[in-house]
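Heads up: the sequence shown is residues 53 to 183, going by the working numbering.
Glycine residues also receive a C-beta, built at the ideal position from the N, C-alpha and C atoms.
Below is one structure, written out as structure tokens; comments come after it.
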Amino acid sequence: MEEKRARAVRKEEVDGEKHHETRDGVWYVPSADVFETKDGVTVLLDMPGVATENVHINVQESDLVVSGLIVPESHPNEQPTHTEYGVGHFHRHFSLAADFDVDKIEAKMKDGVLKVTLPKRMARQPRKIEV
């Protein structure tokens with residue numbers, strides 16, 4: 053049981069509702085999968101229709117925050133008769149338990165999936181000090 057609590061991203065703290073937005077409009081919480089290896093963590097977020105320039109990724113202390121905006125496509129000569137595709141703001145918050153190298157975090161968008169790779173910080177190696 054304790055081993056599960058020591059994971060790099062604590063499941064009980066993967067929280068799509070851990071924010072208080074004051075702006076009006078619709079807010080979405082994108083679906084996410086989190087994978088851990090000995091070298092780090094990969095977070096996959098479902099982002100269909102989201103442009104790369106509308107995605108914001110921030111790491112503050114032990115928090116990873118992914119937010120942004122889903123902009124509707126423009127159809128100037130058409131009136132919608134039925135819409136299901138969501139537009140508006142999105143936000144997802146993850147509490148990180150491990151020490152990550154924030155300078156080496158990478159993010160890529162492909163086929164509507166955002167992949168955020170968080171490498172763990174290298175362990176300090178013992179070294180001999182010459183006198």
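Bridge partner(s) assigned by DSSP for residue i
i, result
"N110", "V117"
"V168", "V95 and A159"
"I122", "G140"
Of the listed residues the options, nearest to residue i (C-alpha basis)
i, options, result
"E125", "V118, T133 and Y137", "Y137"
"E158", "V168, A149, G92 and F152", "V168"
"V86", "V183, P178 and L166", "L166"
"V107", "G92, K162 and T135", "K162"
"L148", "V111, Q177, E130 and A175", "V111"
"W79", "P132, T133, L121 and E105", "L121"
"K160", "E88, I109, T89 and K90", "I109"
"S114", "T89, V183, N129 and D151", "D151"
First and last residue of the uninterrupted beta strand (DSSP E) at residue i
i, result
"R144", "G140 to L148"
"E136", "No beta strand (DSSP E) contains E136, which DSSP labels as neither H nor E."
"A103", "Per DSSP, A103 belongs to no beta strand (DSSP E) and is neither H nor E."
"V86", "A84 to E88"
Beta-carbon spacing of residue i, residue j below 8 angstroms
i, j, result
"V123", "A103", "yes"
"D155", "K172", "no"
"R144", "V81", "yes"
"A84", "V95", "yes"
"M99", "G140", "no"
"F146", "L116", "yes"
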